[in-house]
Amino acid sequence: MTMLYNWDEINKTYGYPLKVREAVNSGEIYRVSRGLYADKPTINPFVIIAEKYPWAIITMDSAFFIHGLTDVIPDKTYLATKRNATRINDPGIVQVFHSERIFNAGKTQLIYDGTNITIYDRERMLVEAIRNSKTLPFDYYKEIINRYRNIVTDLDFRKIEEYISLFKRKDGLLNILQREVL
0 MTMLYNWDEI NKTYGYPLKV REAVNSGEIY RVSRGLYADK PTINPFVIIA
50 EKYPWAIITM DSAFFIHGLT DVIPDKTYLA TKRNATRIND PGIVQVFHSE
100 RIFNAGKTQL IYDGTNITIY DRERMLVEAI RNSKTLPFDY YKEIINRYRN
150 IVTDLDFRKI EEYISLFKRK DGLLNILQRE VL
C-alpha cells in the first residue's frame, strides 16, 4: 500500500525543510506533487488528485474508467465540486460544478490503487451518462451503456430512481434508462 504524506506530515517526520530535501535527494521519499510526498516514486494520478482535492468527487470520464465501464484512459481528471467552490486552476483537471441539491447524491469512498478516493457510485454514473448522452462521443457512450447492460443485475435501481428524481428532466431520463439499459 502506498503512503502519501502532505507537507505538514512530512515536515513533522523530518523536522525541518532541509531534512525533507535530503530525504528526497537520497530516495528515501519522493515528491509526487507540490506539497505531496510518497514512499514510492510513481503514484496513480487519480490517487494524487484525490489527496490534493479531498472536497471534490471524481466523476465523468475518470469515474467511468475507475469503475471499469470503459477502457479509454481519460486525458484529464474530472472532478465534481459544489457550485460555490473555488476554481481549481490545474490544466489536467476538468471541474464540474453541481448544485448543493445533487452534489452528494451517489458520493462514495472506494479503495483504488491502495488508497481511499471519493467517487460517484456506478448508479450515479449511469444517470450522468444518460444526462450527458448528447455531449459524449457516440461510440464512447455506447461502450459505457453496453458495459452497464452487462452489469444490470448488480445495480441498485432504487438508488438510480432516487438520483433521477433530483433532476428536472426526470421523465425523459427514466425513458432513456428503460430504452437503452434495461
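For the sequence shown, numbering that gives the first Met the number 0 assigns the number 181 to the last residue and increments by one with no breaks. Built from N, CA and C at the ideal position, the CB exists for glycine as well. Just so it is clear, the structure is predicted and the values come from calculations on it, not from any experiment.
Would you mind reading off the limits of the beta strand (DSSP E) that contains residue i?
i	result
Ala37	Leu35 to Ala37
Leu109	Lys106 to Tyr111
Arg30	Tyr29 to Ser32
Leu17	Careful: Leu17 lies outside any beta strand (DSSP E), inside the alpha helix (DSSP H) at Pro16 to Ser25.
Thr80	Thr76 to Lys81
Asn88	First-last for Asn88: undefined, no H or E at that position.
Cα separation between residue i and residue j?
i	j	result
Asn149	Tyr4	39 Å
Asn115	Pro44	13 Å
Pro73	Ala79	15 Å
Ile175	Gly14	58 Å
Lys141	Ala55	27 Å
Lys31	His66	Reading off the sequence shown, one finds Val at residue 31, where the question assumed Lys. Cα to Cα, the separation comes out at about 24 Å.
Pro40	Val93	25 Å
Phe64	Arg157	24 Å
Lys75	Leu125	20 Å
Gly34	Pro16	12 Å
Glu127	Gln108	18 Å
Tyr36	Ser25	14 Å
Asp89	Leu135	22 Å
Arg168	Thr85	28 Å
Could you round the C-beta distance between residue i and residue j to whole angstroms and report it? I think they count as a contact, below 8 Å.
i	j	result
Ala62	Ile110	With 8 Å as the limit, Ala62 and Ile110 do not qualify as a contact, their Cβ atoms being about 15 Å apart.
Ile48	Asp38	Wrong, their Cβ atoms sit about 18 Å apart, outside the cutoff.
Determine the extent of the alpha helix (DSSP H) in which residue i is found, giving its start and end residues.
i	result
Ile143	Phe137 to Asn149
Thr58	From DSSP, Thr58 is part of no alpha helix (DSSP H); its letter is neither H nor E.
Lys169	Lys169 to Glu179
Leu125	Arg121 to Arg130
Phe102	Glu99 to Phe102
From this set, the options, which residue's C-alpha is nearest residue i's C-alpha?
i	options	result
Leu144	Tyr162, Tyr77, Glu8 and Leu68	Note that residue 144 is Ile in the sequence shown here, rather than Leu. Comparing Cα-Cα distances from Ile144 to each of Tyr162, Tyr77, Glu8 and Leu68, the minimum goes to Leu68.
Glu99	Val71, Asn83, Val93 and His66	Asn83
Ser164	Arg178, Ile101 and Thr76	Ile101
Val71	Leu172, Asp138, Met124 and Phe156	Asp138
Thr152	Glu122, Pro136 and Gly171	Glu122
Ala104	Arg146, Val180, Asn10 and Ile159	Ile159
Ile87	Glu179, Asp60, Asp112 and Tyr52	Tyr52
Val180	Gly34, Tyr147, His97 and Trp6	Tyr147
Asp120	Gly91, Asp155 and Val95	Asp155
Tyr77	Val95, Lys11, Tyr162 and Arg178	Val95
Trp6	Lys169, Arg178, Lys106 and Glu50	Glu50
Ala162	Ile9, Lys106, Ile57 and Lys81	Sequence inspection shows Tyr at residue 162; the Ala mentioned does not correspond to that position. Considering only alpha carbons, the answer is Lys106.
At least 3 beta-carbon pairs within less than 8 Å: the stretch 122 to 137 vs the stretch 13 to 26: No contact exists between the stretch 122 to 137 and the stretch 13 to 26.
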